[in-house]
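First the structure, in the form of structure tokens, and then the observations on it.
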Amino acid sequence: MDLPEEEKQLSQKEKLEKAQKLVSNNEYRNKRGTIMREVSGCLDQLLEKTKNRQQRANTIFSDMYLKLEIAIMILVILLLSICIIVRKLIVVPLVYYNKSIMEGEIFPVIGAAELQKWAETYNKVFKENEETQRLIRRQAEHDAMTDALNRGSFEKLLHMYENGDTPYALILIDVDTFKTVNDMYGHAVGDEILKKVTGLLKKAFRSIDHVCRIGGDEFAIIMVEMTSDLKYTIEEKIKAVNEELGTENENIPAVSLSVGVAFSDRENSGESIFKDADKALYYVKENGRNGCKFY
1 MDLPEEEKQL SQKEKLEKAQ KLVSNNEYRN KRGTIMREVS GCLDQLLEKT
51 KNRQQRANTI FSDMYLKLEI AIMILVILLL SICIIVRKLI VVPLVYYNKS
101 IMEGEIFPVI GAAELQKWAE TYNKVFKENE ETQRLIRRQA EHDAMTDALN
151 RGSFEKLLHM YENGDTPYAL ILIDVDTFKT VNDMYGHAVG DEILKKVTGL
201 LKKAFRSIDH VCRIGGDEFA IIMVEMTSDL KYTIEEKIKA VNEELGTENE
251 NIPAVSLSVG VAFSDRENSG ESIFKDADKA LYYVKENGRN GCKFY
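For what it's worth, the UniProt record's numbering labels the leading residue of the sequence shown as 1, then goes sequentially.
As structure tokens, this is what we get:
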């Protein structure tokens, strides 16, 4: 700063003394005190404002942190809920569907609406295929005209019982003079005779027995759980069937059956049970027909 002209003329010592007087008088002290108080007040205000701003920042941070925690908790709950829903509506049904496919069963109708619709459609197709397969198997196993088991089924069943432990009787049956009757009355009447014979045999024997048509007018019955000491039951059944066949009705002429029987527990068995039963049948046919012979 520039000094007044008169102060410039002072010596260095005089300037120092004057300066000391200036800083030591009351006016200077008062002004310095005023300045210090104002500076202190300004600092206090600055500190207060800084504190307030810091508190507001802390409050904002705390609110944001709390909101973030709540948002994360909500997100976790939503993810868990989605996992549970997806498992229940999609994963579990698919696991059951896979198990049903492996075990050849229908689908349980569970899960999401789309999967339930899929299951219902699959079950419908499954049942249709099952019914189709059942019909195909039945056609493959049964004689189309009489609905008796066919020759192929008979051979499978006979092989099974020959290699099993269940006692059984093999009954071979011929319709007597069928060719003559068929030629005389026509094939339509002949077919009706075969149907009638089948119906009477099924009626006479048990549901567990197997009535088979193994040729044109040739039938075979595998009678299960049957031993030779019960042969009288077979005689009674064949007698009853022959009595009904011996009566003309519904434009169907009277016919009779020749029957040969062999038991799985027979004595002096031959080469096979079929050949032994066939020998017994041949004996009946050579000795007047219309009867039953046991090997």
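Built from N, CA and C at the ideal position, the CB exists for glycine as well.
No experiment lies behind these values; they were computed from the predicted model shown.
For F219, collect the residues of the same chain with a Cβ closer than 6 Å to its Cβ; drop the 5 residues on either side in sequence, then sort them by chain order. I173 and R213
Y295 - DSSP class collapsed to helix/strand/coil: coil
What did DSSP end up calling M73 once you bin it into helix, strand or coil? helix
When the Cβ atoms of the segment 282-292 are set against those of the segment 187-195, are three or more pairs found closer than 8 Å? no
With 16 other Cβ atoms within 10 Å as the buried cut-off, status of D209: buried
In the DSSP output, which residue or residues are listed as bridge partners for G270? None, per the DSSP bridge assignment.
Secondary structure at R206, three-state DSSP: helix, strand or coil? coil
Distance check for V189 and F294, CA to CA, integer angstroms please. 31 Å
Can you tell me whether K117 is buried or exposed, with buried defined as 16 or more other CB within 10 angstroms of its CB? exposed
Run of the beta strand (DSSP E) containing V224, from where it starts to where it stops: E218 to V224
Alpha carbon to alpha carbon, how far is H159 from S153? 10 Å
Alpha-carbon to alpha-carbon, K231 and Y168: 11 Å
Counting only runs that start and end within the segment 85-114, where is the alpha helix (DSSP H) found for 4 or more residues in a row? 92-103
Where K31 falls, given that 16 or more other Cβ within 10 Å makes a residue buried: exposed
Figure out for me which residue from S207, G216, D276 and A240 has the closest Cα to the Cα of V224. S207
Look at the alpha carbon of N150 and the alpha carbon of G216, and state the distance between them as a whole number of angstroms. 11 Å
Let me know the secondary structure DSSP gives I60 once reduced to three states. helix
For A148, the nearest candidate out of K88, F205 and M226 (CA to CA): F205
Measure the CB-CB distance between S269 and A262 and report whether it falls below 9 Å. yes
C-alpha gap between A254 and M145, whole angstroms: 20 Å
Report yes if the C-beta distance between I171 and V259 is below 9 Å; otherwise report no. yes
Straight-line gap, I238 to D278 (C-alpha atoms, nearest Å): 16 Å
In the DSSP assignment, what residue or residues form a beta bridge with H142? L149
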